[in-house]
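**Q** Pasting a structure below so you can have a look.
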């Protein structure tokens, strides 16, 4: 599904034009401001046996930059500054396009690694650096006012990359921060201003003004906790000081408080389709909670055929009996992909709007599903403004060996097929894997060949599937989730933030790219999945499924307040990463089958056959509670005071502070396995292995739709 973890706390969603008009008062600077310049970074890394020994996903190797950089480090360690700076001078900024190892599995662009090492030089080295390069840097800075915007920004970037410690470095960083802010890259802007404060102590730029600019960037970047902490710090460190904004002396704290209120007001009036859900889940579901509507895609007769197929194939179970199909929502529509049958529901009344095929067409395929060789976790669906994308297989090919999964595009309103990848000559033998990520008029997708695991990131046009560009990311290791089935390529997970795209490989690596997903920012390598020894090929009749198979455990990646949290599928560790540095903040062990489902202000929520709440700051287990969870669709709704989990015995309403049981709402899905749960408008929607059901919760403002919710006409 689009996001199988959901926290229903409203988030700040500033209206950028109005907000920037307010914030631009902060940035009355003499230097010109330009549009952001994209600096490409190649997907090449410093060769390292340490990274290779971790197993899993491997990126291409190129040590051309590494040798010269090691020369610099060697000379710097001996305080031989002349030789050290000559060595670093052999790598100008336009050649710093490879990747270098930092340590602890972190691999960053050569430009970033070299910059950080120079910025961290001891006092003697910093002074020697200024003596060597200050004249050159000042000369480049003087040229900025005489060139066009693009060239001026390129010069500023060169000064920042190569000569940051000089007297021109802080001015260049300030200019780059301005440019990043103008185009909405608030995290990048804040980082530039923080670099000045942290690494350029001799700067003549006002500390308080730089801190105010950082605060504005944090506010617009929706990093609320960091904004509040910085606002408090400004009030304590600069009492009574003023800054010049728009030609007037103003109190920085009052200005920031006023701006925060304006942004909050702007976000409350953002009624766009993609805006955050305004309804906050609260309270318990009483037994009299009404059902708004229900759509049954697996009929009672189909369920009998499905159960018969599973009961007669006890040697070859692959978890199909506990599988819950993926879904996504957009506006007042819900879209689901049930083994390649994609359908749309109007969530205001529960009417089936369209479907790509008849539901009962799958009935004749049920006998094949328990021993199907396809990776059933590979089905996916996402929705854009006017298009629905699904990663699917033709139902006739469900049991084909390594059958490539196709990318299908449907018109959102009618369900008419717009295009499919198998009709495009470039993708006939290409398998699509991982939930697509829609960015404007394009979509980011990951592919691999029919018989290989070389992962390629592609940008395709939504209108016709034409390719804009592609980038090879690396090679994955096949994963064997069960002894009974062949190894399968891992299924990556995407996360889009305001200024970055993250790809969790679910194969021992987290990849960070720029906001368009085109340029590599950094890679975090960690322990990959275990490889199969193929030594034990024996299993027992009617053997219980492994929890990773029965629960269809998926990798998950979430972001909140500038921290990225993730847990890979078939991994036993939960990570927290600060992407602005980048560095691992902490990691802690978890069960392999555990799924990270949600994050709120204080806790992370994890599901297995129990739910756990983990403190974000201490990583300690706050509470845990066993639940009757038997299948896939592991998800939670985290409300103001209650956590809701959909199980085969009903919806559990748990106290968010201690996990105590407030209530169990039995509902209309007791014949199902449980599954996904999500707040959609003022409805609580549950997607199981048989049905899609919408309930009218206590926080709803609207009653029943005009049609009878459980009439035969609505059981479509």
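Numbering (our numbering), first residue to last: 304 to 1019. Glycine included, C-beta positions come from ideal geometry on N, C-alpha and C.
#1: Just to confirm before moving on: does the CB-CB distance between residue 854 and residue 930 stay below 8 Å?
#2: From 740, 384 and 390, pick the residue whose C-alpha is nearest to that of residue 374; which is it?
#3: Is it the case that the Cβ atoms of residue 967 and residue 592 are separated by a distance below 8 Å?
#4: I'd like to confirm the pairing. Which residues does DSSP put opposite residue 958 in its beta bridges?
#5: Please classify residue 678 as buried or exposed, where buried requires at least 16 other C-beta atoms within 10 Å of its C-beta.
#6: Just the C-alpha distance for residue 690 and residue 869, rounded to the nearest angstrom, thanks.
#7: Kindly indicate which residue of 790, 710 and 401 has the alpha-carbon position closest to the one of residue 769.
#8: For the candidate residues 803, 933, 653 and 830, whose alpha-carbon lies nearest to that of residue 996?
#9: What would DSSP say about residue 661, mapped onto helix, strand or coil?
#10: Where residue 766 and residue 705 are concerned, what is the direct C-alpha to C-alpha distance, given to the nearest angstrom?
#11: Unbroken beta strand (DSSP E) runs of length 3 or more, entirely within the stretch 736-772: which are they?
#12: For residue 345, which residues from the same chain have a beta carbon less than 7 Å from its beta carbon, with the 5 sequence-adjacent residues on both sides left out?
#13: Secondary structure at residue 589, three-state DSSP: helix, strand or coil?
#14: Going by Cα to Cα distance, which pick from 456, 513, 476 and 819 is closest to residue 803?
#15: For residue 521, which of helix, strand or coil comes out of DSSP?
#16: Please go through the stretch 587-655 and give each complete alpha helix (DSSP H) segment of 4 or more residues, from N-terminal end onward.
#17: What separation, rounded to the nearest whole angstrom, lies between the Cα atoms of residue 624 and residue 610?
#18: Evaluate residue 615 with the Cβ neighbour count: other Cβ atoms within 10 Å of its Cβ, from every protein chain shown; 16 or more gives buried, anything less gives exposed.
#19: Determine, using beta-carbon pairs with one atom in the stretch 381-390 and one in the stretch 425-437, whether at least three such pairs fall under 8 Å.
#20: Assign residue 1002 to one of three DSSP states: helix, strand, or coil.
#21: Around the Cβ of residue 398, are there at least 16 other Cβ atoms within 10 angstroms (buried) or fewer (exposed)?
#22: Three-state secondary structure (DSSP) at residue 821?
#23: Which residues in the same chain as residue 950 place their Cβ atom closer than 8 Å to its Cβ, once the five residues preceding and following it in sequence are excluded?
#24: Use the C-beta contact count for residue 1001: other C-beta atoms within 10 angstroms, 16 or more gives buried, fewer gives exposed.
#25: Within the chosen definition, does the stretch 685-703 reach the stretch 728-748 through at least 3 CB pairs nearer than 8 Å?
#26: Tell me whether residue 699 is buried or exposed, calling it buried when 16 or more other Cβ atoms sit within 10 Å of its Cβ.
#27: Whole angstroms is fine: what's the gap from residue 520's alpha carbon to residue 559's?
#28: Is the CB of residue 403 under 8 Å away from at least one CB in chain B?
#29: Between residue 530 and residue 491, what straight-line distance do the alpha-carbon atoms span, to the nearest angstrom?
#30: Helix, strand or coil: which one does DSSP assign to residue 367?
#31: Just the Cα atoms here: how many angstroms apart are residue 807 and residue 815?
#32: Which of the three DSSP states, helix, strand or coil, is assigned to residue 489?
#33: Rounded to the nearest angstrom, what separates residue 964 and residue 957 at their Cα positions?
#34: If you drop the 5 nearest sequence neighbours on each side, which residues of the same chain put their C-beta closer than 7 Å to that of residue 732?
#35: I'd like to know whether the C-beta atoms of residue 799 and residue 408 end up nearer to each other than 8 Å.
#36: Taking only three categories from DSSP, how would you classify residue 799?
**A** Quick look at the numbers:
#1: On the chain shown, residue 854 is found 551 positions in, with the first residue counted as 1. On the chain shown, residue 930 is found 627 positions in, with the first residue counted as 1. No; because the gap between Cβ atoms is not below 8 Å, this pair is not in contact.
#2: The sequence position of residue 374 within the chain shown is 71, counting from 1. Selected option, being the one with the closest Cα: 390.
#3: Here residue 967 is taken as the residue at index 664 of the chain shown, counted from 1. Here residue 592 is taken as the residue at index 289 of the chain shown, counted from 1. No, the pair does not count as a contact, with Cβ atoms beyond the cut-off.
#4: One-based indexing of the chain shown puts residue 958 at position 655. Residue pairing from DSSP places residue 958 in a beta bridge opposite 945.
#5: The sequence position of residue 678 within the chain shown is 375, counting from 1. Burial call: buried.
#6: As a working note, residue 690 is residue 387 in the chain shown. As a working note, residue 869 is residue 566 in the chain shown. Looking at the two C-alpha atoms, the distance is approximately 29 Å.
#7: In the chain shown, counting from the first residue as 1, residue 769 sits at position 466. Per the C-alpha coordinates, the member of 790, 710 and 401 positioned closest to residue 769 is 710.
#8: Mapped onto the chain shown, residue 996 falls at position 693. Comparing Cα positions, the closest option is 653.
#9: Reading the chain shown from its first residue, position 358 is the one you call residue 661. Coil at residue 661, not helix or strand.
#10: On the chain shown, residue 766 is found 463 positions in, with the first residue counted as 1. On the chain shown, residue 705 is found 402 positions in, with the first residue counted as 1. C-alpha separation (whole angstroms): 28 Å.
#11: Within the stretch 736-772, the complete beta strand (DSSP E) segments at least 3 residues long are 745-752 and 757-764, listed from N- to C-terminus.
#12: Here residue 345 corresponds to residue number 42 of the chain shown, with the count starting at 1. At residue 345 the pLDDT is 32, less than 50, meaning the model places this residue with poor confidence; the figure from the coordinates comes in the next sentence. 400 and 401, listed in sequence order.
#13: On the chain shown, position 286 is the one that residue 589 refers to. In the three-state reduction of the DSSP assignment, residue 589 falls in the coil class.
#14: Sequence index remark: in the chain shown, residue 803 carries index 500 (1-based). Checked all of 456, 513, 476 and 819; the closest Cα to residue 803 is 819.
#15: Residue numbering aside, residue 521 sits at position 218 when the chain shown is read from its first letter. In the three-state DSSP reduction, residue 521 falls in the helix class (H, G or I).
#16: Secondary structure in the stretch 587-655: the alpha helix (DSSP H) runs of 4 residues or longer, each lying completely within the stretch, are 603-614 in chain order.
#17: Working through the chain shown from its first residue, we reach residue 624 at position 321. Working through the chain shown from its first residue, we reach residue 610 at position 307. Cα to Cα, the separation comes out at about 8 Å.
#18: Indexing the chain shown from 1 puts residue 615 at position 312. It is exposed - the Cβ of residue 615 has fewer than 16 other Cβ atoms within 10 Å.
#19: Under the three-pair Cβ rule at 8 Å, the stretch 381-390 counts as touching the stretch 425-437.
#20: Start at 1 with the first residue of the chain shown, and residue 1002 comes out as number 699. Coil.
#21: Here residue 398 refers to the residue found at position 95 of the chain shown. Exposed, because fewer than 16 other Cβ atoms sit within 10 Å of the Cβ of residue 398.
#22: Counted from its first residue, the chain shown places residue 821 at position 518. In this structure, residue 821 counts as coil in the three-state DSSP scheme.
#23: Here residue 950 corresponds to residue number 647 of the chain shown, with the count starting at 1. Around residue 950, the same chain offers 930, 931, 932, 933 and 977 as residues with beta carbons nearer than 8 Å, after the five sequence neighbours per side are excluded.
#24: To locate residue 1001, count along the chain shown from 1; it is residue 698. Classified as exposed, residue 1001 has fewer than 16 neighbouring CB atoms from the shown chains inside 10 Å of its CB.
#25: Result yes; three or more Cβ-Cβ pairs closer than 8 Å.
#26: On the chain shown, residue 699 is found 396 positions in, with the first residue counted as 1. Using a 10 angstroms sphere on the CB of residue 699, the tally of other CB atoms stays under 16, which defines it as exposed.
#27: If you number the chain shown from 1, residue 520 lands on position 217. If you number the chain shown from 1, residue 559 lands on position 256. Cα to Cα, residue 520 sits roughly 11 Å from residue 559.
#28: Note that chain B does not occur in the displayed structure, where there is just one protein chain.
#29: Here residue 530 refers to the residue found at position 227 when the chain shown is read from its first residue. Here residue 491 refers to the residue found at position 188 when the chain shown is read from its first residue. If you take the alpha carbons of residue 530 and residue 491, they lie about 15 Å apart.
#30: Here residue 367 refers to the residue found at position 64 of the chain shown. Of the three classes helix, strand and coil, the one that applies to residue 367 here is helix, per DSSP.
#31: Locating residue 807 in the chain shown gives position 504, counting from the first residue. Locating residue 815 in the chain shown gives position 512, counting from the first residue. Counting only the Cα atoms, residue 815 lies some 9 Å from residue 807.
#32: Residue mapping note: residue 489 aligns to position 186 of the chain shown, counting from 1. Helix at residue 489.
#33: As a first step, residue 964 must be located in the chain shown, where it is residue number 661. As a first step, residue 957 must be located in the chain shown, where it is residue number 654. Approximately 5 Å between the Cα atoms of the pair.
#34: Residue numbering aside, residue 732 sits at position 429 when the chain shown is read from its first letter. For residue 732, the CB contacts under 7 Å within the same chain, skipping 5 residues up- and downstream, are 707, 752 and 753 in chain order.
#35: As a working mapping, residue 799 is identified with position 496 in the chain shown. As a working mapping, residue 408 is identified with position 105 in the chain shown. At least 8 Å separates the beta-carbon of residue 799 from that of residue 408.
#36: Locating residue 799 in the chain shown gives position 496, where the first residue counts as 1. DSSP places residue 799 within a strand segment (E or B) once states are collapsed to three.
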